[in-house]
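Structure first, commentary second.
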Amino acid sequence: MFTTSETPVIATILAVAFGILGWGFYRARPFGKLGILAWLQSLVLMTPWLLFFGLFAAGIYINIIGIVLLLVVSAGIYVYLGRQLRAAGQDAILRQKAVDRLKSESESNTNTPTVAVVIPETLSIPDDDLSAIKSIFGIDTFFATETIPYQDGAVFKGNLRGEPEETHNRLTESLKSRLGDKYRLFLVENADSRPVVIVLPSRNDPRPMSIAQKVFAGVLLIATLGTCLEAAGLLLGFDFFSYPVRYQETLPIGGGIFIILIAHEIGHWVSARRHQVRLSLPFFLPAVQIGSFGAITRFESLLLNRKVLFDISLAALRLEEFFL
4 MFTTSETPVI ATILAVAFGI LGWGFYRARP FGKLGILAWL QSLVLMTPWL LFFGLFAAGI
64 YINIIGIVLL LVVSAGIYVY LGRQLRAAGQ DAILRQKAVD RLKSESESNT NTPTVAVVIP
124 ETLSIPDDDL SAIKSIFGID TFFATETIPY QDGAVFKGNL RGEPEETHNR LTESLKSRLG
184 DKYRLFLVEN ADSRPVVIVL PSRNDPRPMS IAQKVFAGVL LIATLGTCLE AAGLLLGFDF
244 FSYPVRYQET LPIGGGIFII LIAHEIGHWV SARRHQVRLS LPFFLPAVQI GSFGAITRFE
304 SLLLNRKVLF DISLAALRLE EFFL
């Protein structure tokens with residue numbers, strides 16, 4: 004069983020984790036299947052750590068092979084749920100498109116006057132903004148042929164007339180010059196591997212960390228410092244949690260592990276600043292046997308392309324090499 008000194012840390016981590024999962028489920032329910040699938044992805048990411056700490060609290064220790072197996076299984080289920088989530092999103096678009104088409108045909112059968120381009124009533128973008136958005140398209144960038152409502156924005160189907168990166172930059176600049184930072188533009192592939200433009204309101208951007216999330220990140224940081232010292236103590240042949248007065252003996256090794264973790268996160272932060280991308284505080288993942296499994300850092304702003312994602316991810320490894 005775990006010692007008295009370990010009880011508060013483990014209990015706090017488990018309580019906060021279950022609280023986050025419960026609150027996430029409550030927020031996801033109104034969104035139906037899409038919300039539940041997104042919540043299940045969060046559950047799959049947290050399950051290995053909940054199992055690890057729960058078993059640790061019960062006096063059952065999982066070796067490194069078992070931990071890796073849990074992570075691999077969790078990653079596989081996460082990818083599967085991601086595919087289901089994308090498929091469900093496409094189905095929602097197709098259903099909405101079918102409803103709009105049936106409605107248009109019904110109006111035509113009753114001899115109701117129609118215009119050449121029918122804007123669905125469910126489209127939440129104001130008409131003036133929609134006209135401004137459509138004006139950014141052209142024969143030399145992206146020739147839009149169809150507008151489909153999507154969430155609080157719209158999907159524009161059409162033909163790409165240039166290089167994807169250059170076209171995206173030109174469309175983004177044109178949109179910003181007309182409507183400022185009110186909307187965000189994405190150039191992606193649909194289910195048929197054809198390019199489409201998605202425009203969403205900027206109010207849907209990732210939100211900054213709440214006070215509760217910052218407190219949770221601080222708790223995990225302190226817990227990770229403790230597990231780094233515990234890992235050092237195990238290497239030296241004693242239990243740090245049972246003999247905390249021997250902390251000076253664990254500082255060289257435990258402090259070294261902790262500094263490497265901090266350097267890794269600084270690498271992410273420096274690269275993100277260079278690309279003008281905001282990152283959340285890191286959520287460290289404490290582990291008794293090796294100190295930590297790293298950290299989870301959330302993007303708080305949108306990424307321009309995959310190159311930015313690659314640069315931010317790789318920058319941490321470059322800084323780690325300096326310390327190693």
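Once you know that position 4 of the sequence shown is 7 in our numbering, the rest is easy, because the numbers rise by one and skip nothing. C-beta: ideal position from N, C-alpha, C; glycine also. Keep in mind the model is a prediction, meaning the values are calculated, not measured.
- Within its own chain, the residues whose Cβ lies closer than 8 Å to the Cβ of F219, once the five positions on either side in sequence are excluded, are V19, I23, F286, listed in chain order.
- T150 has F159 as its beta-bridge partners, per DSSP.
- Assigned with DSSP and collapsed to three states, R187 falls in strand.
- The beta carbon of E252 is closer than 7 Å to those of L239 in its chain, skipping five residues each way along the sequence.
- According to DSSP, residue pairing for P289 in a beta bridge involves S295.
- Secondary structure of E303 (DSSP, three-state): coil.
- For V202, the enclosing beta strand (DSSP E) starts and ends at 198-204.
- Under the three-state reduction of DSSP, L282 is assigned to strand.
- Bridge pairing for F145: L163 [DSSP].
- Every unbroken stretch of the alpha helix (DSSP H) spanning 4 or more residues and falling wholly within the stretch 212-258 is given here in chain order: 214-239.
- A distance below 6 Å between beta-carbons, with the five flanking residues on each side excluded, links R301 to the following residues of its chain, in chain order: S283.
- Residue range 130-137 is occupied by the alpha helix (DSSP H) that includes S134.
- Pairing H278 with V311 gives a Cβ-Cβ distance under 8 Å.
- As computed with DSSP, E176 is found in no beta bridge at all.
- For the pair S134 and I142, the Cα-to-Cα distance works out to about 17 Å.
- The C-beta of Y153 has 16 or more other C-beta atoms within 10 Å across all chains shown, which makes the residue buried.
- Here S295 is buried, its C-beta having at least 16 other C-beta atoms within 10 Å.
- Remark: fewer than three beta-carbon pairs, one from each stretch, lie closer than 8 Å, so the stretch 170-179 and the stretch 213-232 are not flagged as touching.
- Between L223 and P167, the C-beta spacing is not below 8 Å.
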